[in-house]
Amino acid sequence: MRVVSKELTNFQRLLRTAVSSVVPSKQLPTGETYVDHYFQYYSCCPPPLFMITVSIIELVIFIVYAKIQKTETSWTTGAPLYSPLTYNPFRRYEAWRFISYMFIHDGIMHILSNLIFQLIIGLPLELFHKFWRVGIVYVLGVIAGSLATSIFDNKTYLVGASGGCYALIGAHFATIIMNWKNMTHDWMSGPLKFIFTSVDIGVAIWSRYNNPNRVAYAAHFAGLAAGVLIGVPVLRNIEVLRWEKILFWVCLALYLLLVLFSICWNGFYPDFPPTDWRPCCPGA
1 MRVVSKELTN FQRLLRTAVS SVVPSKQLPT GETYVDHYFQ YYSCCPPPLF MITVSIIELV
61 IFIVYAKIQK TETSWTTGAP LYSPLTYNPF RRYEAWRFIS YMFIHDGIMH ILSNLIFQLI
121 IGLPLELFHK FWRVGIVYVL GVIAGSLATS IFDNKTYLVG ASGGCYALIG AHFATIIMNW
181 KNMTHDWMSG PLKFIFTSVD IGVAIWSRYN NPNRVAYAAH FAGLAAGVLI GVPVLRNIEV
241 LRWEKILFWV CLALYLLLVL FSICWNGFYP DFPPTDWRPC CPGA
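In this text, residue positions in the sequence shown follow the UniProt record's numbering: the first is 1, and each later residue adds one.
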């Protein structure tokens with residue numbers, strides 16, 4: 001059945017646009033496009049609440065800390081490094097910090113860029129792939145970000161949702177890899193995503209070496225890699241080919257091996273900062 005745009009409501013057009021950003025637009029042998037084919041069976045049940053919920057929580061926590069902390073929150077500074085949510089290299093035994101750091105942000109620009117980034121990229125993915133798949137990619141990207149920081153930049157703090165955001169970009173790449181044969185490639189959006197990503201990483205690196213609080217940037221690269229490695233086995237695949245089945249297990253095994261290596265590194269590497277055993281949040 002071919003979907004005629006004139007017959008669609010405004011909301012249905014919005015949904016179709018979202019689906020078209022993550023589904024190949026080439027035609028099937030029946031004459032309809034992949035977008036039309038999947039749109040017929042498309043449903044907003046369950047609704048795409050994961051990215052919205054996470055974004056609201058991140059924004060609320062940012063506002064609360066901006067109100068209660070002693071130092072002023074500006075466009076580019078204001079991370080509450082004393083928070084029990086921040087990844088703190090001196091308190092790695094508090095394992096929840098390897099995930100919870102995603103709720104803390106360093107300034108207004110940081111929180112706004114992360115929120116815009118993950119909503120624009122994450123919502124179309126969630127509308128098609130469903131919340132639990134996108135949630136897995138996002139959270140595992142966050143974990144990859146903190147583990148990578150603990151290895152490559154082991155004396156720095158880590159805040160922000162960049163690991164999860166870049167995992168969503170990696171998930172888009174995974175979708176392209178799995179459906180390369182059927183994709184109609186948009187040569188404009190690709191460079192635009194590359195430029196935006198490059199600028200964001202550049203700002204993060206600049207902040208890392210010009211900010212005395214030393215907030216890490218390794219999570220960007222680790223999140224991107226995790227998004228590809230987890231996106232391939234977790235996200236929907238339109239047409240599963242033999243080589244994609246092999247790629248499924250290769251990506252999954254590689255991610256698990258990297259996580260295992262990172263955990264072992266954290267357990268046995270001798271040159272980490274001295275452990276801080278004091279009660280939490282002495283600088284609050």
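Cβ coordinates follow ideal geometry from the N, Cα and C atoms, glycine included.
A quick note: this is a predicted structure, and the numbers were derived from the prediction, not measured.
Here's a check: name, in chain order, each residue in its chain whose Cβ is nearer than 7 angstroms to the Cβ of L247, leaving out the five neighbours to either side. Same-chain partners within the cutoff: V232.
Residue 372 (DSSP reduced to helix, strand or coil): Residue 372 lies beyond the range of the chain shown here (1 to 284); nothing can be said about it.
For a test of the three-state rule: what should DSSP assign to L81, helix, strand or coil? DSSP, reduced to helix, strand and coil, places L81 outside both helices and strands of the structure shown, so it counts as coil.
Use the C-beta contact count for L49: other C-beta atoms within 10 angstroms, 16 or more gives buried, fewer gives exposed. The Cβ neighbour count for L49, taken over all protein chains shown within 10 Å, is under 16; the residue is labelled exposed.
Could you tell me which residues DSSP puts in a beta bridge with Y101? By DSSP's assignment, Y101 forms no beta bridge with any residue.
Can you list the alpha helix (DSSP H) stretches of 4 or more residues lying completely in the segment 102 to 144, in chain order? 108 to 129
Those residues which DSSP pairs with Y87 across a bridge: Y87 pairs with L158.
At the level of alpha carbons, what is the spacing between I120 and G164? Here the alpha carbons of G164 and I120 stand approximately 13 angstroms from one another.
For A171, collect the residues of the same chain with a Cβ closer than 7 angstroms to its Cβ; drop the 5 residues on either side in sequence, then sort them by chain order. L125, V137, G227, G231, L235
Could you check how far apart the C-beta atoms of P274 and F90 are, in whole angstroms? I think they sit under 8 angstroms. The C-beta distance from P274 to F90 rounds to 7 angstroms, short enough to fall under 8 angstroms.
Which of the three DSSP states is assigned to K70 in this structure? coil
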